[in-house]
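Asker:
2 protein chains.
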Amino acid sequence: MLPDEMRELREMTRVMVDLLDNAGYGEVRTPTLEYERAMAGAELGPSAAYRLIDEHGDALVLRSDMTVPIVRVAVTRYETDDLPLRFSYLARAWRRVKPRSGEAREILQLGAELIGSEPIDAAAELLALCGEVLSSAGLADWQIGLGDARILGELLEASGASDADSRALLEAVRDQDLVTVDALAKELGVPQAATIARTRINGDDLEGFDPVGIGINPDSAAWSDLTTVVGALSPEFRTRVVLDLGLAPKIDYYDGIVFEAYDPAIGRALGGGGSYDALMRAFGSSASGFGFALDTELVHAAVAGEERGEGS
Amino acid sequence: MLPDEMRELREMTRVMVDLLDNAGYGEVRTPTLEYERAMAGAELGPSAAYRLIDEHGDALVLRSDMTVPIVRVAVTRYETDDLPLRFSYLARAWRRVKPRSGEAREILQLGAELIGSEPIDAAAELLALCGEVLSSAGLADWQIGLGDARILGELLEASGASDADSRALLEAVRDQDLVTVDALAKELGVPQAATIARTRINGDDLEGFDPVGIGINPDSAAWSDLTTVVGALSPEFRTRVVLDLGLAPKIDYYDGIVFEAYDPAIGRALGGGGSYDALMRAFGSSASGFGFALDTELVHAAVAGEERGEGS
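From first to last, the protein sequence lines are chains Z and X. End of the first sequence sits at 352 in the numbering used here; the numbers just go up one at a time, nothing left out. End of the second sequence sits at 352 in the numbering used here; the numbers just go up one at a time, nothing left out.
Here it is, written out as structure tokens:
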């Protein structure tokens with residue numbers, strides 16, 4: 041990346057980091073190379089890490105994500121009465137990529153983590169903060185897709201489907217492979233899963249929506265949490281939200297509310313976030329965790345795309 | 041690294057990066073993971089890189105230095121009539137460390153490279169720039185050790201010593217192992233090497249110094265270059281310079297003028313620089329190269345040390 045583009049990216053990330061800092065999310069840094077054995081519990085995290093051997097023969101992993109190291113720092117260095125904790129980061133992460141996928145091996149992530157807050161409050165706070173960060177970067181048209189990993193998860197559990205079958209269906213949902221979704225949902229006896237995976241509701245239209253009609257239990261924790269969070273958002277924010285009930289978390293450790301950020305100028309999610317209580321438990325904490333991360337280079341490309349009038 | 045310290049480090053590096061940018065050194069970025077085969081010529085560079093294998097079975101190296109990748113970009117992407125080129129960077133580098141050496145495996149380097157300028161001009165410009173960067177970071181007491189890799193190099197070559205013997209002597213000089221230096225210098229028939237390795241001259245006292253007295257040819261390119269560079273520095277800067285004729289480059293590709301930056305509050309060099317014409321030639325360019333890099337966390341520690349009154 042050459043000087044003119046670097047200067048723009050530097051200015052943009054400075055504004056974003058300052059916004060997070062002013063919102064009480066202090067920037068932290070963790071090593072990029074971690075001992076593999078210190079990442080116990082991280083089987084819940086991204087599995088796409090590069091691995092190498094150090095001068096003593098110990099296995100190191102090149103950080104593929106910041107949430108797992110931050111959770112580890114939070115659990116080992118802070119006391120329960122320090123909660124809630126608010127951290128931000130601007131950090132590189134590396135992940136193995138599929139051949140010819142066009143994905144970047146290295147990403148410069150900007151993110152925030154809120155640990156030990158009430159789950160619903162945390163989701164509402166971080167959704168709003170993510171929106172402010174995107175606006176501060178210069179994006180006018182950002183949108184949020186909002187879902188909950190538990191909706192399809194609980195449906196599949198209730199159906200008695202095997203773990204392997206459930207995983208296959210969720211993967212097809214994640215890849216938006218609707219032919220496979222339809223076939224598997226029918227085979228597993230949960231045809232409503234295919235309907236749910238297709239359902240999109242504008243944030244403003246949620247009040248008039250009947251979950252029972254598509255096979256969702258309105259008293260379930262997932263539905264209750266989702267609607268409460270939408271209700272807690274500002275009216276302006278709500279117009280940017282689409283409830284996407286087929287939004288399956290791309291990162292394994294998200295286990296409740298999950299969201300992605302988009303911009304019409306870019307054909308991929310700019311980033312996303314969600315709750316990761318099970319990851320906290322894997323590190324021995326009963327506190328809740330919620331975070332988001334944005335790919336700064338995609339956000340920068342979206343700003344440039346909006347300036348060229350793309351997607352509008 | 042936790043929020044308060046990160047905030048200080050962030051502010052400090054912002055000021056430094058902006059200073060370099062305003063001086064015409066535009067920030068660049070290169071991948072942290074490079075294909076090993078693309079680093080041909082880098083045998084002149086640091087050999088302490090971590091190596092790993094990617095998803096296609098290709099060998100990757102984790103960047104151990106920014107100079108080599110920048111030289112590669114400069115030689116492959118720019119034309120001769122673009123010269124001189126000025127680049128800066130704020131980037132992480134990783135290197136294998138000796139057990140129990142207390143060295144950091146990962147460093148956040150700030151640096152500048154000047155490619156295609158006259159060698160003496162380049163050295164004077166980058167020495168002055170390095171001083172400005174250190175002042176901008178908040179350091180009051182920085183000092184510069186200045187040497188030339190050719191002084192001992194040419195002496196050893198003229199003596200007919202073998203490559204292995206020369207390397208052993210230079211390594212002992214680099215480690216300031218003066219017992220070994222004395223023994224090897226005597227054995228190889230260059231006792232003056234031991235005198236030179238001990239010689240320190242204040243920048244202000246250079247005029248009255250007689251190089252012949254310690255066995256240096258005053259007409260050699262190395263001595264002429266060194267004295268010309270010192271003459272080109274401002275009087276204020278000259279008071280901070282010590283000619284250290286035993287200053288052997290810690291990085292293999294420095295092959296002419298070489299320097300290190302110090303502060304009395306910290307017991308190690310904060311960074312350093314030098315000329316690397318042979319590295320340029322290894323990548324197929326006949327242009328000159330000169331650069332420096334500072335360890336930002338050491339600079340930050342030095343600022344904190346000065347504030348506590350250490351070393352003064």
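We put the beta carbon where it would ideally sit given N, CA and C, even for glycine.
Let me make sure I understand the geometry here. Which of ALA201/Z, ALA234/Z, GLY229/Z, SER199/Z has the alpha-carbon closest to that of ARG214/Z?
Answerer: ALA234/Z
Asker: Quick check on GLY286/X: does DSSP put it in helix, strand or coil?
Answerer: coil
Asker: Count the other C-beta atoms from every protein chain shown that fall within 10 angstroms of the C-beta of GLY314/X, then say buried if there are 16 or more, exposed otherwise.
Answerer: buried
Asker: With a threshold of 7 Å (Cβ to nearest heavy atom), would GLU119/X be considered close to the ligand SAH?
Answerer: Summarising the ligand content, the structure contains no ligands, and the ligand SAH is consequently not present.
Asker: Quick check on ASP335/X: does DSSP put it in helix, strand or coil?
Answerer: strand
Asker: Please look up how many angstroms separate the CB atoms of LEU285/X and ALA164/X, rounded, as I've assumed it's under 8 Å.
Answerer: Contact doesn't hold; Cβ gap of about 19 Å is too wide.
Asker: Could you check what DSSP says for GLY151/Z in three-state terms: helix, strand or coil?
Answerer: strand
Asker: Measure from the alpha carbon of ASP61/X to the alpha carbon of each residue in ARG126/Z, GLU67/Z, ASP292/Z, ASP44/Z, then state which is nearest.
Answerer: ASP44/Z
Asker: Just to make sure I have the definition right: I need the residues of chain X whose C-beta is within less than 8 Å of the C-beta of VAL137/Z. Which are they?
Answerer: GLU95
Asker: Out of LEU148/X, LEU150/X, VAL115/X, state which residue places its alpha-carbon closest to the alpha-carbon of ALA78/X.
Answerer: VAL115/X
Asker: Rounded to whole angstroms, what's the CA-CA distance from VAL399/X to GLY253/X? Just pull it up for me.
Answerer: Here chain X covers residues 41 to 352 and nothing more, so residue 399/X does not appear.
Asker: Per DSSP, what kind of secondary structure is GLU197/Z in: helix, strand or coil?
Answerer: If DSSP states are grouped into helix, strand and coil, GLU197/Z belongs with the helices.
Asker: Which of helix, strand or coil does DSSP assign to ARG280/X?
Answerer: coil
Asker: Within the stretch 161-212 of chain Z, note down every full alpha helix (DSSP H) run reaching 4 residues or more, in order along the chain.
Answerer: As for any alpha helix (DSSP H) of minimum length 4 sitting wholly inside the stretch 161-212 of chain Z, the runs are 189-199, ordered along the chain.
Asker: Pull up the DSSP beta-bridge partners for ILE297/Z, would you.
Answerer: ASP188/Z
Asker: Do GLU67/X and ARG47/Z come within 8 Å of each other at the CB atom, strictly closer than that value?
Answerer: Cβ atoms of ARG47/Z and GLU67/X: closer than 8 Å.
Asker: What are the partner residues of ASN242/Z, as DSSP defines its beta bridges?
Answerer: VAL282/Z
Asker: Under the assumption that ALA177/X contacts MET52/X (Cβ atoms under 8 Å), give the Cβ distance between them as a whole number of angstroms.
Answerer: Yes, they are in contact, since the Cβ atoms of ALA177/X and MET52/X sit about 5 Å apart, within 8 Å.
Asker: Run through DSSP, which three-state label would GLY271/X get?
Answerer: helix
Asker: Which of the three DSSP states, helix, strand or coil, is assigned to ARG47/Z?
Answerer: helix
Asker: So the candidates are ARG207/X, LEU310/X, GLU227/X; which of them puts its Cα closest to the Cα of ALA144/X?
Answerer: LEU310/X
Asker: Counting only C-beta atoms, is GLU146/X closer than 8 Å to chain Z at any point?
Answerer: yes
Asker: Could you check how far apart the C-beta atoms of GLY329/X and LEU319/X are, in whole angstroms? I think they sit under 8 Å.
Answerer: 6 Å
Asker: Please identify the residue among VAL219/Z, ALA237/Z, ARG190/Z, ALA341/Z whose C-alpha is closest to the C-alpha of TYR293/Z.
Answerer: ARG190/Z
Asker: DSSP on GLY253/Z, reduced to helix/strand/coil?
Answerer: helix
Asker: Give the DSSP-derived three-state secondary structure of ARG117/X in the structure shown.
Answerer: helix
Asker: Considering only DSSP beta bridges, list what LEU102/X is partnered with.
Answerer: In DSSP, LEU102/X forms a bridge with LEU73/X, TYR90/X.
Asker: With DSSP as the reference, identify every bridge partner of SER260/X, one or two as the case may be.
Answerer: Beta-bridge pairing links SER260/X to no other residue.
Asker: Can you say whether GLY271/X is buried or exposed, counting buried as having 16 or more other CB atoms within 10 angstroms of its CB?
Answerer: exposed
Asker: Measuring CB atoms only, is the stretch 330-349 of chain Z touching the stretch 147-165 of chain Z, in the sense that at least three cross pairs come out at less than 8 Å?
Answerer: yes
Asker: GLY66/Z versus chain C: which residues are under 9 Å apart at the beta carbon?
Answerer: Any reference to chain C falls outside this structure, whose protein chains are Z and X.
Asker: So, is TYR302/Z buried or exposed, given that buried needs 16 or more other C-beta atoms within 10 angstroms?
Answerer: It is buried - the Cβ of TYR302/Z has at least 16 other Cβ atoms within 10 Å.
Asker: Determine which residues share a DSSP beta bridge with TYR302/Z and list them.
Answerer: Answer is GLN183/Z, bridged to TYR302/Z.
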